[in-house]
Amino acid sequence: MAMQEKYPFYEIEPKWQQWWDAHHAFECDTADARKKFYCLTMFPYPSGSMHVGHGRNYIMGDVLARYKKMQGFNVLAPMGWDAFGLPAENAAKKNGTHPKTYTYGNIAHMKTQIRSWGVGYDWRREIATCHPDYYHWTQWVFLKFFEMGLAYQKAAPVNWCELCTTLANEEVTPEGTCDRCGRKVTKRNLKQWFFKITAYAPQLLDDLDQLQAWPEKVRQMQANWIGRSEGARVEFKVSETGDPCPIFTTRPDTIYGVTFMAIAPEHPLLQKLLPGSKHEKTVREFIERQALIPASERTNDTATKEGVFSGFHVTNPYTGEQVPLWVTNYVLMDYGTGAVMAVPAHDQRDFEFAQQYRIPIKVVIQPPSPSEPLVVEDMRDAFEDDGIMTASAPFDGRHNREALHDIIHLGKTKGFSDFTTNYRIRDWLISRQRYWGAPIPIIHCPTCGAVPVPENQLPVLLPDDVDFKVEQGNPLANHAAFVNTTCPKCGAAAKRETDTLAQWLCSCWYFLRYVNPRDNKQPFDKKDVANWLPVDQYIGGVEHAVLHLLYSRFVTKVLHDAGWVACNEPFTALFTQGMICKRADDGKLYKMSKSKGNTVSPDELITNYGADTLRLYTLFLGPPEMDAEWQDAGIQGPFRFLCRLWRRVWETHDLLTTAPPVPPLSQMARPERDLYRKLHQTIRAVTDAIENGFRFNTAIAQVMELMNAIDDLKIDAASSPSARAVYRAAIEKMVLLISPFAPHIAEEMWTELGHTGGVMTATWPEVESEALTADTVEVVFQINGKVRGKIELPASASKEEMEKAALANEQVKKHLAGLTVKKVIVVPGRLVNIAAG
Ligand SMILES: [Zn+2]
Ligand SMILES: [Zn+2]
1242 MAMQEKYPFY EIEPKWQQWW DAHHAFECDT ADARKKFYCL TMFPYPSGSM
1292 HVGHGRNYIM GDVLARYKKM QGFNVLAPMG WDAFGLPAEN AAKKNGTHPK
1342 TYTYGNIAHM KTQIRSWGVG YDWRREIATC HPDYYHWTQW VFLKFFEMGL
1392 AYQKAAPVNW CELCTTLANE EVTPEGTCDR CGRKVTKRNL KQWFFKITAY
1442 APQLLDDLDQ LQAWPEKVRQ MQANWIGRSE GARVEFKVSE TGDPCPIFTT
1492 RPDTIYGVTF MAIAPEHPLL QKLLPGSKHE KTVREFIERQ ALIPASERTN
1542 DTATKEGVFS GFHVTNPYTG EQVPLWVTNY VLMDYGTGAV MAVPAHDQRD
1592 FEFAQQYRIP IKVVIQPPSP SEPLVVEDMR DAFEDDGIMT ASAPFDGRHN
1642 REALHDIIHL GKTKGFSDFT TNYRIRDWLI SRQRYWGAPI PIIHCPTCGA
1692 VPVPENQLPV LLPDDVDFKV EQGNPLANHA AFVNTTCPKC GAAAKRETDT
1742 LAQWLCSCWY FLRYVNPRDN KQPFDKKDVA NWLPVDQYIG GVEHAVLHLL
1792 YSRFVTKVLH DAGWVACNEP FTALFTQGMI CKRADDGKLY KMSKSKGNTV
1842 SPDELITNYG ADTLRLYTLF LGPPEMDAEW QDAGIQGPFR FLCRLWRRVW
1892 ETHDLLTTAP PVPPLSQMAR PERDLYRKLH QTIRAVTDAI ENGFRFNTAI
1942 AQVMELMNAI DDLKIDAASS PSARAVYRAA IEKMVLLISP FAPHIAEEMW
1992 TELGHTGGVM TATWPEVESE ALTADTVEVV FQINGKVRGK IELPASASKE
2042 EMEKAALANE QVKKHLAGLT VKKVIVVPGR LVNIAAG
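Residues 1242 to 2078 (our numbering) make up the sequence shown, in order.
Written out as structure tokens, the structure is:
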């Protein structure tokens, strides 16, 4: 092949992609006895065309998989599709395309794109969550949970988005909008299916300690989401009726200062108390008004605290005092018990509320300094700090923190209080009123209630022939043939559940299915999963921190307890990549998105520069965990580098192929030794960059520097055999080092250097430690202080070696003739002085 200005990536890239396919290069035999490495990149939602920002994590995963293969691991790198979800259903409603057609069409296109990047997967293991062979087992997972008492149905105020229907708490942004479409989220009282994730809250929190190879930020987000707090449960009672009204508090030390009780508008107790009561009308109006306001808005620190007096009182079991029961906007049903003992003197929210509604304030903790006691009339804010208890007999005079345990204990002995741990996390809402999802395998029978579909009747197939014309509601609910069935228990006429499972449930166990993706008897093989799980390296976006990643941990723990999965954490190491941003027309930097019009298509870049260049540039943009700015001109640098590499190999092709083996270090001339040292420094640096923190940008920069060093060694037909040998070694190892990043060009050069079988089957270069210190120093030999000789020695030469070299030196020998050596002084790396007489 002739040397060309623009190297022929357009020929070599498709050629090697086909070669990899033909040679099953990415297929993993899970029974292979070599050490396993499960390298998993989060599977995408098949939304259509991908831009270069999407490519970053697939390319990173591919680099790691190729690198691990060269290190001798048996690498499992599968890919699939998180294929259920709303966009497909909306497309169907909008332009009549069936969600299935839309989804599989997008899958085909995205698969082509992934291939064009040179990203290799074991496609025999491809899964799509919308395929019956897959959702059969998602339904099985649901049944396992049902069987274990971890799936239940209840009417509850749930998050509601007009477009996306019900949402899990994890899908609502801190601003109270829908995580998917940005619409405002309100509450609706609906009967829904939940998974009891709260039952696993302690393990989910405690086991975060095991995940040392996860980003601290993600672990912290999960810990905050789970939100553990230690405190007390105290049984207050409605004074007028005796109904229990328990509260959870982390500050039982302030319990003697309770001056009212605040409860959530959704609290079920109100529905019991209100009928016929004096304030029924005002309270009901208040409740209805609050139902329309998103929770996050209600509890926002800056939101106005509002409330109405219920007309009822509660009795504080510690004091016997009766305090008014207020319905307030700042208490939520989702946290604690939905009722809060209000201590305005020592809680800022209660303080603000009490001031507004002229409710008494009672100080029960004084600041430790006795000179400035709190006076209610002068208080501008609540005193939330620690101090000395007062007006709290029998605890007066004690430090509030020290008394805390005793206060709960007192209530415990009297039967109205106990130690409690409270969690912020709520149960996981898993049902959706949508068509394009896995049907929940439940049949509702008038006599037997909710009956699980027997396992041997799975999968409950999603019918294709539904009418998407319905504006509101779930199209599945109008499909008579689907809905009407018989009860598996009693045989009577019954109705199928028409809610489908949340997309998150389909994606929280897929990493198990990849191990046995075609097994139609079971979700996966226990033994194989025991061998292959946990995933060694998981790669994906940080936006999944409390959604997919938390759900996957939960489901793994449940399946572990059910005896199906040996490990109890699914992902040993996690890497969350930053996003690629680009300046939009307004000059500002945004993450790439269609709506901002700042996306870059990989297809055109691959046509003009090739996939290897695109891969290099994508990784070269910056540290992979950080967001990076895409600049169109930036692609030129990596392209020039690959062209240079290509030209160099072709220009010196004959010298390379006829080069002799590398001689020992001692036989290399200075410039060769320098290059050889640089080569091994590069091997060490690239290996370290990949192993420690995915510093792919650093790794590529190191290889580029090596290229400069290679250029410095002028080589031609007249060069010595050892120079040619070192030159070849440097080129050959460089090809190996760059191969995970730019695999096509590496394959081509590897073949040109005379190798067969593909560069991925080659062994990752190893560092020769002697080569690293191959530098030499000039050592001076003296006899009785007079310089008698000089020699180049390896910088690493030991004292003994230096002395030996000195005594063997011809000049030294001549001057020592007739003398007796009395003492030899060696200064390492510099000098040997011989005292003789
Ligand atoms: Zn939405
Ligand atoms: Zn029945």
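All residues carry an ideal CB built from backbone N, CA and C; glycine is no exception. Just so it is clear, the structure is predicted and the values come from calculations on it, not from any experiment.
**Prompt:** Which residues bound the beta strand (DSSP E) around Ala2077?
**Reply:** For the purposes of this step, residue 2077 is taken as the residue at position 836 of the sequence shown. Where Ala2077 is concerned, the enclosing beta strand (DSSP E) stretches over Leu2072 to Ala2077.
**Prompt:** Are Asn1410 and Arg1667 touching if we call contact CB-CB under 8 Å?
**Reply:** Taking the first residue of the sequence shown as 1, we reach residue 1410 at position 169. Taking the first residue of the sequence shown as 1, we reach residue 1667 at position 426. Contact flag set, yes.
**Item:** Pro1487 to Pro1328 span [Cα, whole Å]
**Value:** For the purposes of this step, residue 1487 is taken as residue 246 along the sequence shown, with counting starting at 1. For the purposes of this step, residue 1328 is taken as residue 87 along the sequence shown, with counting starting at 1. Rounded to the nearest angstrom, the two C-alpha atoms are 44 Å apart.
**Message:** Following a CB-centred definition, is Arg1424 positioned closer than 7 Å to any heavy atom of ligand 1?
**Reply:** As a first step, residue 1424 is located in the sequence shown; it is residue number 183 there, counting from the start. Yes, since a heavy atom of ligand 1 falls inside the 7 Å radius drawn around the Cβ of Arg1424.
**Close beta carbons around Gly2070, own chain, < 7 Å, minus the five adjacent residues each side** = Translated into positions along the sequence shown, residue 2070 becomes position 829. Once the five neighbours on either side are set aside, the close Cβ partners of Gly2070 are Val2018 and Ala2036.
**Request:** Identify whether Ala2058 lies in helix, strand or coil by the three-state DSSP scheme.
**Result:** Position 817 of the sequence shown, counting from 1, holds the residue named residue 2058. Of the three classes helix, strand and coil, the one that applies to Ala2058 here is coil, per DSSP.
**Asked** What's the C-alpha gap between Phe1250 and Ile1941?
**Response** One-based indexing of the sequence shown puts residue 1250 at position 9. One-based indexing of the sequence shown puts residue 1941 at position 700. Rounded to whole angstroms, Phe1250 to Ile1941 spans 19 Å at the Cα level.
**Message:** Which same chain residues end up closer than 7 Å to Gly1714 when comparing Cβ atoms and leaving out the 5 residues on each side of it in sequence?
**Reply:** By 1-based counting over the sequence shown, the position of residue 1714 is 473. Closer than 7 Å at the Cβ level, and outside the excluded window around Gly1714, lie Gln1674.
**Asked** Going by alpha carbons, who is nearest to Cys1728 out of Ala1743, Pro1764, Thr1688 and Leu1703?
**Response** The residue given as residue 1728 occupies position 487 in the sequence shown. Considering only alpha carbons, the answer is Thr1688.
**Request:** Please list, in chain order, all residues of the same chain as Ala1930 whose beta carbon is under 8 Å from its beta carbon, the five residues on each side excluded.
**Result:** Here residue 1930 refers to the residue found at position 689 of the sequence shown. Excluding residues within five positions, the ones whose Cβ falls inside 8 Å are Arg1936, Phe1937, Thr1939, Ala1940 and Gln1943.
**Request:** Could you please give me the residues that DSSP links to Leu1431 through a beta bridge?
**Result:** As a first step, residue 1431 must be located in the sequence shown, where it is residue number 190. In DSSP, Leu1431 forms a bridge with Ala1397.
**Asked** Once you ignore the five residues that flank Tyr1441 on each side, which residues in its own chain have a CB closer than 8 Å to its CB?
**Response** The residue you call residue 1441 lines up with position 200 of the sequence shown. These residues qualify, in order along the chain: Phe1795, Lys1798 and Val1799.
**Item:** Classification of Arg1856 by the beta-carbon crowding that lies within 10 angstroms, buried from 16 upward
**Value:** Here residue 1856 refers to the residue found at position 615 of the sequence shown. When all chains shown are included, Arg1856 counts as buried.
**Message:** Could you check if Lys1736 belongs to the surroundings of ligand 2, using beta carbon to heavy atom distance under 7 Å?
**Reply:** As a first step, residue 1736 is located in the sequence shown; it is residue number 495 there, counting from the start. Incorrect: Lys1736 has no Cβ contact closer than 7 Å to ligand 2.
**Message:** I need the boundaries of the alpha helix (DSSP H) containing Cys1747, first residue and last residue.
**Reply:** Translated into the one-based positions of the sequence shown, residue 1747 becomes position 506. Taken as a continuous stretch (DSSP letters only), the alpha helix (DSSP H) holding Cys1747 covers Gln1744 to Cys1747.
**Message:** Please state whether the Cβ-Cβ distance between Ile1671 and Leu1573 is less than 8 Å.
**Reply:** As a working mapping, residue 1671 is identified with position 430 in the sequence shown. As a working mapping, residue 1573 is identified with position 332 in the sequence shown. No, the pair does not count as a contact, with Cβ atoms beyond the cut-off.
**Whole-angstrom distance between Trp1358 and Trp1871, CA atom to CA atom** = Translated into positions along the sequence shown, residue 1871 becomes position 630. Translated into positions along the sequence shown, residue 1358 becomes position 117. Their backbone Cα atoms lie some 17 Å apart in a straight line.
**Request:** Could you work out which residue in Ala1473, Glu1476, Ser1470 and Leu1449 is closest to Gln1463 when comparing CA atoms only?
**Result:** Along the sequence shown, read from residue 1 onward, the residue named residue 1463 stands at position 222. Of the listed residues, the one whose Cα sits closest to Gln1463 is Leu1449.
**Assumed close pair Val1605, Met1582 - CB separation to whole angstroms, cut-off 8 Å** = As a position in the sequence shown, residue 1605 is number 364, starting the count at 1. As a position in the sequence shown, residue 1582 is number 341, starting the count at 1. The pair is not a contact, with the Cβ atoms about 12 Å apart (cut-off 8 Å).
**Prompt:** Terminal residues of the continuous beta strand (DSSP E) containing Tyr1831?
**Reply:** Residue numbering aside, residue 1831 sits at position 590 when the sequence shown is read from its first letter. First-last of the beta strand (DSSP E) with Tyr1831: Leu1830 to Lys1832.
**Asked** Can you pull the DSSP bridge partners for Thr1234?
**Response** The first residue shown for the chain is 1242 and the last is 2078, placing residue 1234 beyond what the model contains.
**Request:** Can you tell me which of the three DSSP states Lys2031 falls into?
**Result:** Your numbering for residue 2031 matches position 790 in the sequence shown. Three-state result, Lys2031: strand.
**Request:** Spell out a yes or no on whether the segment 1516-1532 and the segment 1593-1601 are touching, meaning 3 or more CB-CB pairs, one atom from each, closer than 8 Å.
**Result:** no
**Prompt:** How big is the Cα-Cα spacing for Phe1982 and Arg1356?
**Reply:** Within the sequence shown, residue 1982 is the residue found at index 741, counting from 1. Within the sequence shown, residue 1356 is the residue found at index 115, counting from 1. Their backbone Cα atoms lie some 15 Å apart in a straight line.
**Request:** Check whether the Cβ of Val1796 lies closer than 7 Å to any heavy atom of ligand 2, and answer yes or no.
**Result:** Along the sequence shown, one-based indexing puts residue 1796 at 555. It does not: the Cβ of Val1796 is nowhere closer than 7 Å to a heavy atom of ligand 2.
**Request:** Return the bridge partner residues of Arg1737 from the DSSP annotation.
**Result:** Taking the first residue of the sequence shown as 1, we reach residue 1737 at position 496. According to DSSP, Arg1737 bridges with Ile1684.
**Asked** By Cβ distance, which residues of its chain are closer than 6 Å to Ile1253, with the 5 residues on each side in sequence left out?
**Response** In the sequence shown, residue 1253 corresponds to position 12, counting from 1. If we look at Ile1253 and ignore the five residues flanking it on each side, its Cβ neighbours are His1985 and Glu1989.
**Item:** C-alpha distance - Val1399 paired with Glu1810, whole-angstrom precision
**Value:** Start at 1 with the first residue of the sequence shown, and residue 1399 comes out as number 158. Start at 1 with the first residue of the sequence shown, and residue 1810 comes out as number 569. Val1399 and Glu1810: Cα-Cα distance of roughly 29 Å.
**Message:** I need the straight-line Cα distance from Tyr1393 to Lys1352, nearest angstrom please.
**Reply:** If you number the sequence shown from 1, residue 1393 lands on position 152. If you number the sequence shown from 1, residue 1352 lands on position 111. Rounded to the nearest angstrom, the two C-alpha atoms are 38 Å apart.
**Message:** Going by DSSP, what residue range makes up the beta strand (DSSP E) through Leu1815?
**Reply:** As a position in the sequence shown, residue 1815 is number 574, starting the count at 1. Segment Phe1812 to Thr1817, the beta strand (DSSP E) holding Leu1815.
**Request:** For Asp1659, write down the residues that DSSP places opposite it in a beta bridge.
**Result:** The residue given as residue 1659 occupies position 418 in the sequence shown. According to DSSP, which records beta bridges pairwise, Asp1659 is partnered with Arg1474.
**Request:** Round the Cβ separation of Ile1972 and Ala1964 to the nearest angstrom and send it over; I've been treating them as touching at under 8 Å.
**Result:** For the purposes of this step, residue 1972 is identified with residue 731 of the sequence shown, where counting begins at 1. For the purposes of this step, residue 1964 is identified with residue 723 of the sequence shown, where counting begins at 1. About 13 Å separates the two Cβ atoms, so there is no contact after all.
**Request:** Verify whether the separation of the beta carbon atoms of Gln1433 and Thr1406 is less than 8 Å.
**Result:** On the sequence shown, residue 1433 is found 192 positions in, with the first residue counted as 1. On the sequence shown, residue 1406 is found 165 positions in, with the first residue counted as 1. Contact: no.
**Prompt:** How about the segment 1544-1555 and the segment 1475-1487: do they share at least three Cβ pairs that are nearer than 8 Å?
**Reply:** yes
**Request:** With a threshold of 16 other CB atoms inside 10 Å of the CB of Glu1330, please say whether the residue is buried or exposed.
**Result:** Counting from one through the sequence shown, the residue named residue 1330 turns up at place 89. Buried, since its Cβ has 16 or more Cβ neighbours within 10 Å.
**Message:** Going by the DSSP bridge assignment, what does Trp1567 pair with across the sheet?
**Reply:** For this step, residue 1567 is matched to residue 326 along the sequence shown. In the DSSP output, where bridge partners are listed per residue, Trp1567 has Ala1503 and Phe1550.
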